[in-house]
Amino acid sequence: MAVTRERFNQGMTYDEFKGWMTRNRDRLEGYEGNVEISPEDLAAFKDLSHPLDVLVIGSDWCYDVLTNLPVLGRLAQESGKLNLRVFDRDENPDLRDQYMNGPYQSIPVFVFFDENFNEIGHWIERPKSVTNLRAEKRREVFTTTPAFGSPDAPVDQLPEATRADLQRATSASREGTVPWANQEVIRELRELVDRGLKEQERRPLVAGNVQS
Amino acid sequence: MRGVSKPVKVKITYCAECGYEPATLELTENLMKEFQHDLSAIEIIPWFQGAFDVRVGDELVHSMYRDGGFPEYKTVAEAVRAQLAGED
């Protein structure tokens with residue numbers, strides 16, 4: 002069943018969501034402070050002819066929510082053209098089940114609606130490019146150090162010294178990728194909105210790390 | 040003491056960037072209170088990528104990847120009791 006404007010308005014604003022959080026608010030706000038938006042990207046949202054409503058499904062325990070919702074939050078704050086309403090995934094099964102990621106209940110979900118409350122597209126979890134880069138870097142870590150064994154083996158079974166080396170190598174491989182990942186989120190959201198608004202038939206678009 | 044035949048150790052591997060500390064500490068506290076000296080150790084391993092795995096002895100009792108979500112405490116406690124009773 003399509004989401005109604007009335008249902009949408011039952012959600013929390015971005016600031017209300019922050020107040021609702023029982024954990025990780027400091028993390029979320031830390032990530033938010035590090036988001037950089039280029040003038041071109043900001044202009045793309047500022048120049049929208051009408052504000053868009055954006056339904057968010059999230060929670061306060063998920064890393065992808067903590068890192069990607071602040072990107073949307075900053076776009077909303079700085080453009081003034083995105084009206085966010087946030088819903089906790091576990092307290093809103095009707096919305097969660099409507100935006101499943103294949104068999105998974107992946108979050109965050111960002112659903113964009115035009116001024117007539119037609120869905121123009123939705124985005125799930127993280128960009129595929131980010132998932133792919135993380136997987137590639139993980140493979141590199143294991144390939145360069147055979148002592149780490151198989152990437153599929155449980156890490157708690159590794160000798161402690163080897164595990165510590167793997168922790169350091171994994172941390173190092175992830176450093177420096179966050180600004181790029183944020184940019185990928187912005188790029189995908191910008192493309193989704195642009196394409197969605199141009200869709201003559203208003204067929205919903207899907208992006209993000211969606212299971213096929 | 041329960042007449043332990045071999046040491047039973049619990050390992051909790053949690054995602055340190057996901058904010059899973061409260062769930063980790065709650066599980067640890069419950070295990071400490073219930074089993075006290077019957078456990079040889081509780082090891083907490085900070086990890087990445089949404090991990091929340093609980094191993095009792097050699098048995099992986101819960102994996103967030105495999106099972107989804109956090110474990111019920113009773114699931115972990117029952118696994119500990121079974122191993123203490125030599126049922127593994």
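Top line first, the protein sequences correspond to chains A and B. Just remember that this note's numbering sits 1 ahead of the position in the first sequence, which is counted from 1. Just remember that this note's numbering sits 39 ahead of the position in the second sequence, which is counted from 1. Ideal placement from N, C-alpha and C gives every residue a C-beta, glycine not left out.
Mind checking if B:E56 is an interface residue toward chain A, Cβ cutoff 7 Å exclusive? yes
Under a three-way DSSP split, which group does A:H51 fall into? coil
Separation of A:Q11 from A:G74, as counted between CA atoms: 18 Å
By DSSP, does A:G197 sit in helix, in strand, or in coil? helix
Who are the Cβ neighbours of B:V43 in its own chain at under 7 Å, not counting the five residues just before and after it? Its pLDDT being 48, under 50, B:V43 is placed unreliably in this model, and the coordinates cannot settle the point.
Nearest chain B C-beta to A:D157 closer than 7 Å, yes or no? yes
A:T171 and B:F87: beta carbons closer than 7 Å? yes
Rounded to the nearest angstrom, how far is the Cβ of A:I58 from that of A:I108, given a contact under 8 Å? 6 Å
By alpha-carbon positions, which one of A:R135, A:T144, A:P155, A:R196 ends up nearest to A:E177? It is worth fixing the name first, because residue 177 of chain A is Gly in this sequence and not Glu. Answer by Cα proximity: A:R135.
To which residues of the same chain is B:A118 closer than 7 Å at the C-beta, ignoring the five residues directly before and after it? Setting aside the 5 residues that flank it on each side, B:A118 is surrounded in the same chain by V95, E98, V100, each with a C-beta closer than 7 Å to its C-beta; the list follows chain order.
Quick check on B:V43: does DSSP put it in helix, strand or coil? Unreliable positioning characterises B:V43 in this predicted model, as indicated by a pLDDT of 48, which lies under 50. A coordinate reading is not provided.
Examine chain B for any beta-carbon lying closer than 7 Å to the beta-carbon of A:N102, and answer yes or no. no
Buried or exposed for B:K50, going by 16 or more other Cβ atoms inside 10 Å? Buried.
I'd like the span of the beta strand (DSSP E) that includes A:N84, first residue to last. 83-89
Alpha-carbon spacing of A:T21 relative to A:R175, whole angstroms: Residue identity check: residue 21 of chain A is Trp in the sequence provided, not Thr. Separation of A:W21 and A:R175 (C-alpha to C-alpha, rounded to the nearest whole angstrom) is 29 Å.
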